[in-house]
Structures are given as structure tokens and as C-alpha cells.
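Inspection log for the structure reproduced underneath, given as C-alpha cells.
Numbering (the numbering used here), first residue to last: 879 to 1568.
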């Protein structure tokens, strides 16, 4: 999928929302501070919904003024120009202007279109591979006329074949989900340019396998290990088929991507399908350059916006400044909806996080109203499933009689309170000590009725694996807590610090970077301490959080967010929740066994590694089902299984308010992630106001 067409590579889901984030394989993560990827409440008449239509393009490309530098702000620095070694959405702001892929998805209809590849067809073969699935051959042609590398070198079919084979050999973690089904990519000996062989059917190959970046053979053929390569250290920088070229690289202060100084030919913005998509303007980019300014904090970033030092910023205006932006005549606010979610995620390798009822209790302690209505001022919607509400086709409510976001089956783990904002300590403790588990069967749990699962699935675990009791407070963190709990939890007769050499810890952003998020996490921790669960905070930077969670898996819980999730669900579910993309921390006893790896893997929770917590079977079914409705149904079941298994707690969905200086026109609103996921679309059509 083209980043310049669609906004960003599908692998960048990691984003640092008010609860933190990174970028995943086909999604993207960012550290936007204050839960800034937030949505407005449903009773706000200006709140966009997925049913709203994008702004119609009012401009004819021939009449659009060209030139100028678009100043764009970010609150986190990009730490590399190597698109293969980073899943950071902030890196993607740059590299997504440099690289292209075979197919493109439009931000309005979610339809796949030709990009570097002009046309294709697929054929399911009779023979099967080692996995027992039918092999598939995909034939495609490559666009070479009117397109060169951004350093002026000729682009050929051999570059495409090199790219796929290099990626298969190196297997960068961020692209593992798309690479795993590919057996080979070769030059076709018939009427097509190339043939790709997959080891299983895949109804979304145009999004998944055609979404991988195409690399220049003349720059990457000598790179033996992609993890050691830094394009910023070369004389030529990152080379790609995209419209931009990096002309300035100072990641701590500013980076410039020039479109005027690109060498060679670039015709992908002129493809005919662009003129047929409502709101999309063909023929860009119309600006000379995009200058990315990096600020030390969200406060400094927003100050720069209101002072006119930058024309826009990544993702959207923080909640506390939305009203200021609405009143500023120099700023236009564009509505959109979320392509991901904010989350607190848990390490299933650690006791007692390895037990479903304990994880479910973590949800009972999260005050959704405090987060969405008070701290986020109504600019956020309560989270539930790992697919955002805009992707209705793959959410469990579809096909049921329950309303989107509001149905009782989406409230299984909502805040349990004895009085407003006070956790129901007695009944939450009883949930554990009585051995209760919410499995998908209907019932009453901690005083709230649950009608049962929407899709008919059940949780992977149906009984507790540990025995829970409560006794005298012994842990230092609880003895020193302002909550003054009267009892402390025991797991099989031991306190959690006795089991783990310390309390549970929650990795989080510094308060000055995300004050609302910090306040929410403190409230959640306070509720857990009232229950008698010893847990404390550990404040670390965004990049450290990424390493601790996704590289080392050395954590108990952490806050982050995902953006740029696939509207087709399958690749996202595989990348984020399949055991193939989790480090099982096994020790290699015989040749060929998996070893521990420091590679950043998107499934930091270890979900699917254990028999009593996983959805591999449903995810595999969804990935290999060709018929769209059957595929969507399997995806919906996988999404609800993940919800019940609770390896991650979805805390919110955002409807960003994306600011653009009134000096610029052409931006598209009422689309997913107007300032993040589809930032590439915006950069291709933003132009100076007349």
C-alpha cells in the first residue's frame, strides 16, 4: 500500500496517544501526548462520524497555486531514516514521503487501486504447501514509464523482484505479517512482468503483500543487515519512488522533505483513479517542501501552532486546546475519525497477569467516565474492541441487534463503582475469591448484567488458574499508598511482591508530556491499590517504552496506542495478536528452535503463545478466507475473542481535530486519521490559499 497515497505504511500502528503509542505493521504509533487522538462525544453536532462524506474537492489541479514550504510540527523526534528498522509513526512522517508500494488504498471508500503495479490477477492452485493450504499465484505488471527513483536513477522490474527477495531474506519485524505468506516473487515467463506465490489464499493481498515498500537495488544490494543501515549517514539519504527527497536532517530540531528538488519522474499522483475519489485532488504535490519541526513537548508544539510558527501538527490538537483552535481565525480545524485505539496492555508471561480473571479485574478499575468525559472533555469515546468504530464491517456488533459502542456486550469490563468514581472494592474482590470469569456466557458479574458474546465465541480460559485471597497489607507500595487499603491480595497464598520481587509496574509517559494521561493512570493505579493490588508507576520516555515493551518484553503493563490499522482487519489481527509475532522467550535446546530475540515484535503481550490465551485459529481462518463476508465474520469472532481474553484494555477511540493554518487549502476532512494515517493524502493536495 502506498504511503503517499494512503498516508502511511500499514505497519506503523504504534502511536503515542495520551496513553502512548508506537507504530505497527501496517499501523502506526506516536507519542502525541495528552490523549490527543481523541473523539468528540456523540451529542456534539459537529462530531464527524464514519457515515459523513469527505469534503468534495473544490480545486482543479490546473488552477491550483504551487510553491511554498508547509511547516509541520511533531512532539517526538524521528530517530532514523531506515524505514525497515522502525515502526514509529514519527519516522513514517518522513519515510512515507520517500517510499511507494505496489497498490494504494483511498481514504474514502477503502478501495485498492493501482500504484506502482498497474494491474494484477490471482489464481488458486491445486497444490498445497507444508501448511496444508492451497498455494496462490498472483500475476502483476509494473509501472516503469514516467517513474524513476528520487535520485534520478532508472526504475526497473528487477528492483521490484529485488525488494521482495531482500525483505524475505531480512524479514524485518514490522513487515513480518505481510511477508509470512510469500513463498517467492519472480519474473514471469508469460504475459505478466512478475509472479508472486503465496502459501495460502489471501483475499486482501492487494493491501497486505502489495503494501510492502519497494527498495532501490542500487542502494540496498550491499546492505547485508538492514538493522545496521542508516540512510542518514550516506551521501544520498533514503532513496525511493515517492515524491520527496530528504534535503535536511537534524532529527532533534528539524527535517526537510523537498518535492521541488526531487530528481527524475514521478507520475503516481496523476493516476486516473484519483480523480474519481470524492475530495481527492490529482496532480500534486503542489508545495515545494514539507519542513518538519521537532519540539521538546506538547506544550511547546501547541504554542508554535498558535504563534504561527508551524502550519499544522501530527494527528490533532490536544483536548485542552481545541476550544482555543476553534476560536482562532488563523486556524481551520478538520474533523476525522480514529484508525486505531489507545490501550493499556499486559504481559501475559508474568504472574498473575497470566490469569484471565485477574486481567479482567484490571478493566473493572478503569473509570471510563473520568477519562472520556472529564479528562478528555467529551472528545473521546469509550474503548472496547481492537477495531475502531469506523471499521464497522469487522466489529462484533455487525449482524447483531446491539448498537455500535453502546451495546451491553461491549460493557463487560466497564468500571465497577460503589458510588461515583469509587471502585466497588468488596464485589471486585469477591469476583476473584469466588473464582468467577467472564467467558462469553451471559450472567451478572460484579453487579452488572452481561448478555453474552455477540458472535458466539468464548474466552480461551474458562476457569481461574490461580487461587486468590486477601489478607493483611504487607507490601511497601500499599503501606505507603494514600489509598490506605485494608487488605492485600494473595496469589496462591503469596503476595505479588513475593512472587515477582516487587509490585506490578505500569510504564507511562512523563506527566509534562501527557498530563491527562498521567492523571488517568494515577486514578487507575489508585483504584487497584484500594482493591489491594500492589502496583506502581514507572515513568519512561516514549522510545524507552517501545524498547521495553516490544523489544525486551520487560514490563508488567504499559500505555500506548495504535493508529493506521487495516480496515480489513486480517493483517492487523495477525501482526498484533498472533503468536507468530510474539517472542515466546524459549531457550534453543536444539538447532532450529526459536531463541529469544531483541527484534521489535508487535505482539508484546505474548498473546497466543499460551494455550489459555489466544485467537490464532480465528485469525488464521480470517486470513485465508477469500469470500469477503465470511472473512469479516471470522475477523469479528477473533476481535471478540481478544476482547474476552483481555490481553489489552482498549481505553478510547479518537476523533482527531486536525489543525491547518488558514494560509493553506486543499486538505481533506471527514476521513480516518486526517493528520496521521492519511497525512500522505493531505501533503499531496495541500496548497497555498489564494
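From the three backbone atoms N, C-alpha and C, an ideal C-beta is built for every residue, glycine too.
Original post:
According to DSSP, is residue 1019 helix, strand or coil?
Top reply: For the purposes of this step, residue 1019 is identified with residue 141 of the chain shown, where counting begins at 1. Three-state DSSP puts residue 1019 in a strand.
Original post:
For residue 963, is the classification buried or exposed, using 16 other Cβ atoms within 10 angstroms of its Cβ as the cut-off for buried?
Top reply: Along the chain shown, read from residue 1 onward, the residue named residue 963 stands at position 85. Around the beta carbon of residue 963, 16 or more other beta carbons lie within 10 angstroms, which makes this residue buried.
Original post:
What residues match up with residue 1295 in a beta bridge as DSSP calls it?
Top reply: As a working mapping, residue 1295 is identified with position 417 in the chain shown. Assignment of beta-bridge partners to residue 1295 by DSSP yields 1301.
**OP:** Tell me whether residue 1632 sits in a helix, a strand or coil according to DSSP, three-state version.
**Re:** The requested residue 1632 is not part of the displayed model; the chain covers only 879 to 1568.
Original post:
Per DSSP, what kind of secondary structure is residue 1152 in: helix, strand or coil?
Top reply: By one-based count along the chain shown, residue 1152 stands at place 274. DSSP places residue 1152 in helix when its eight states are reduced to three.
Original post:
Would you say the segment 1108-1125 touches the segment 1040-1056, given that touching needs at least three Cβ pairs under 8 angstroms?
Top reply: no
Original post:
Span of the alpha helix (DSSP H) holding residue 1056?
Top reply: Working through the chain shown from its first residue, we reach residue 1056 at position 178. Its alpha helix (DSSP H) spans residues 1054-1057.
Original post:
Do residue 1241 and residue 1527 have their C-beta atoms within less than 8 angstroms of each other?
Top reply: Taking the first residue of the chain shown as 1, we reach residue 1241 at position 363. Taking the first residue of the chain shown as 1, we reach residue 1527 at position 649. In this structure, residue 1241 sits near residue 1527, with a CB-CB distance shorter than 8 angstroms.
Subject >> Boundaries (first-last residue) of the alpha helix (DSSP H) holding residue 1367 >> reply: Counting from one through the chain shown, the residue named residue 1367 turns up at place 489. Not the alpha helix (DSSP H): residue 1367 falls in the beta strand (DSSP E), residues 1366-1369.
**OP:** Starting from the C-beta of residue 1383, find all residues in its chain whose C-beta is less than 6 angstroms away, skip the five residues before and the five after it, and write them out in chain order.
**Re:** What you label residue 1383 is simply residue 505 of the chain shown in a count that begins at 1. So the qualifying residues of the chain are 1414, 1416, 1434.
Subject >> Sheet register partners of residue 949 (DSSP bridge) >> reply: As a position in the chain shown, residue 949 is number 71, starting the count at 1. DSSP output for residue 949 lists 1169 as bridge partner(s).
Original post:
Residues in its own chain within less than 7 angstroms of residue 1456 by CB, not counting five upstream and five downstream?
Top reply: For this step, residue 1456 is matched to residue 578 along the chain shown. Answer for residue 1456: 1481, 1486, 1494, 1497, listed in chain order.
Subject >> residue 1372 to residue 1561 span [Cα, whole Å] >> reply: For the purposes of this step, residue 1372 is taken as residue 494 along the chain shown, with counting starting at 1. For the purposes of this step, residue 1561 is taken as residue 683 along the chain shown, with counting starting at 1. If you take the alpha carbons of residue 1372 and residue 1561, they lie about 56 angstroms apart.
Original post:
From what residue to what residue does the alpha helix (DSSP H) around residue 1434 run?
Top reply: As a working mapping, residue 1434 is identified with position 556 in the chain shown. Segment: none, residue 1434 is in no alpha helix (DSSP H) and carries neither H nor E.
Subject >> Beta-carbon contacts of residue 1274 that lie in its chain and below 7 angstroms, excluding the five residues immediately before and after >> reply: Position 396 of the chain shown, counted from the start, is the residue given in the question as residue 1274. Excluding positions up to five away in sequence, the list reads 1263, 1332, 1333, 1514, 1517, 1518.
Original post:
In whole angstroms, what separates the C-alpha of residue 1152 from that of residue 1381?
Top reply: Counted from its first residue, the chain shown places residue 1152 at position 274. Counted from its first residue, the chain shown places residue 1381 at position 503. Residue 1152 and residue 1381: Cα-Cα distance of roughly 54 angstroms.
**OP:** Note down, in chain order, each residue of its chain lying with its Cβ closer than 8 angstroms to the Cβ of residue 1436, except the 5 sequence neighbours on either side.
**Re:** The residue given as residue 1436 occupies position 558 in the chain shown. Within the same chain, residue 1436 has close Cβ partners 898, 1222, 1223, 1384, 1385, 1386, 1423, 1426, 1427, 1482.
Subject >> First through last residue of the beta strand (DSSP E) which encompasses residue 1265 >> reply: As a first step, residue 1265 is located in the chain shown; it is residue number 387 there, counting from the start. From DSSP, residue 1265 is part of no beta strand (DSSP E); its letter is neither H nor E.
**OP:** Give me the Cβ distance between residue 856 and residue 1159, rounded to the nearest whole Å; I'm assuming they're in contact under 8 angstroms.
**Re:** What is shown of the chain runs 879 to 1568, which leaves residue 856 out entirely.
**OP:** Kindly confirm or deny that the segment 1080-1100 and the segment 1028-1037 touch, where touching means at least three C-beta pairs closer than 8 angstroms.
**Re:** Yes, the segment 1080-1100 is in contact with the segment 1028-1037.
Subject >> Minimum C-alpha distance to residue 959 - residue among 1125, 1013, 987, 946 >> reply: On the chain shown, position 81 is the one that residue 959 refers to. Closest by alpha carbon: 1125.
**OP:** Compare the beta carbon distance of residue 985 and residue 1522 with 8 angstroms and say whether it is the shorter of the two.
**Re:** Your numbering for residue 985 matches position 107 in the chain shown. Your numbering for residue 1522 matches position 644 in the chain shown. For residue 985 and residue 1522, no; Cβs fall outside 8 angstroms.
**OP:** Kindly indicate which residue of 1098, 1016, 1149 has the alpha-carbon position closest to the one of residue 1086.
**Re:** Numbered from 1 along the chain shown, position 208 holds the residue referred to as residue 1086. Of the candidates 1098, 1016, 1149, the one whose C-alpha sits nearest the C-alpha of residue 1086 is 1016.
Subject >> Residue from 1537, 1491, 1499, 1460 whose Cα sits closest to the Cα of residue 1054 >> reply: Along the chain shown, one-based indexing puts residue 1054 at 176. That would be 1460, whose Cα lies nearest to the Cα of residue 1054.
Original post:
Which full runs of the beta strand (DSSP E) of 3+ residues lie inside the segment 1368-1429, going along the chain?
Top reply: 1382-1386, 1413-1417
Subject >> Touching by the beta-carbon criterion (3+ pairs, under 8 angstroms), the segment 1342-1352 and the segment 1299-1306 >> reply: no
**OP:** Specify the secondary structure class of residue 1543 as computed by DSSP and reduced to three states.
**Re:** Stepping through the chain shown from its first residue, residue 1543 is reached at position 665. Of the three classes helix, strand and coil, the one that applies to residue 1543 here is strand, per DSSP.
Original post:
Does the count of Cβ pairs from the segment 963-972 and the segment 1060-1077 closer than 8 angstroms reach three?
Top reply: no
**OP:** State yes or no: is the C-beta of residue 1408 nearer than 7 angstroms to some heavy atom of the ligand SAH?
**Re:** Among the components of this structure there are no ligands whatsoever, and the ligand SAH is therefore not found.
**OP:** On a CA-only basis, which of 1079, 1230, 949 is nearest residue 1378? Give me that one, please.
**Re:** Taking the chain shown and counting its residues from 1, the one referred to as residue 1378 is at position 500. Residue 1378 has its Cα closest to that of 1230, out of 1079, 1230, 949.
Subject >> Alpha carbon of residue 917 to alpha carbon of residue 1182, nearest angstrom >> reply: Here the question's residue 917 lines up with position 39 in the chain shown. Here the question's residue 1182 lines up with position 304 in the chain shown. Bear in mind that a pLDDT of 20 at residue 917, under 50, signals an unreliable position, so the model cannot answer this.
Original post:
Between the Cα of residue 1175 and the Cα atoms of 953, 1553, 1477, which residue gives the shortest distance?
Top reply: Within the chain shown, residue 1175 is the residue found at index 297, counting from 1. Here the closest residue by C-alpha is 953.
Original post:
From residue 1554 to residue 1335, what does the alpha carbon distance come to, in whole angstroms?
Top reply: Sequence index remark: in the chain shown, residue 1554 carries index 676 (1-based). Sequence index remark: in the chain shown, residue 1335 carries index 457 (1-based). Straight-line Cα distance between these residues: approximately 33 angstroms.
Original post:
Any idea what DSSP makes of residue 1346, helix, strand or coil?
Top reply: Along the chain shown, read from residue 1 onward, the residue named residue 1346 stands at position 468. Of the three classes helix, strand and coil, the one that applies to residue 1346 here is strand, per DSSP.
**OP:** Look at residue 1145 and residue 1320 and say whether their C-beta atoms are less than 8 angstroms apart.
**Re:** Here residue 1145 corresponds to residue number 267 of the chain shown, with the count starting at 1. Here residue 1320 corresponds to residue number 442 of the chain shown, with the count starting at 1. No, Cβ-Cβ distance for residue 1145 and residue 1320 is not below 8 angstroms.
**OP:** Taking residue 1523 as part of the alpha helix (DSSP H), name the residues at either end of that continuous run.
**Re:** The residue given as residue 1523 occupies position 645 in the chain shown. Per DSSP, residue 1523 belongs to the alpha helix (DSSP H) from 1506-1523.
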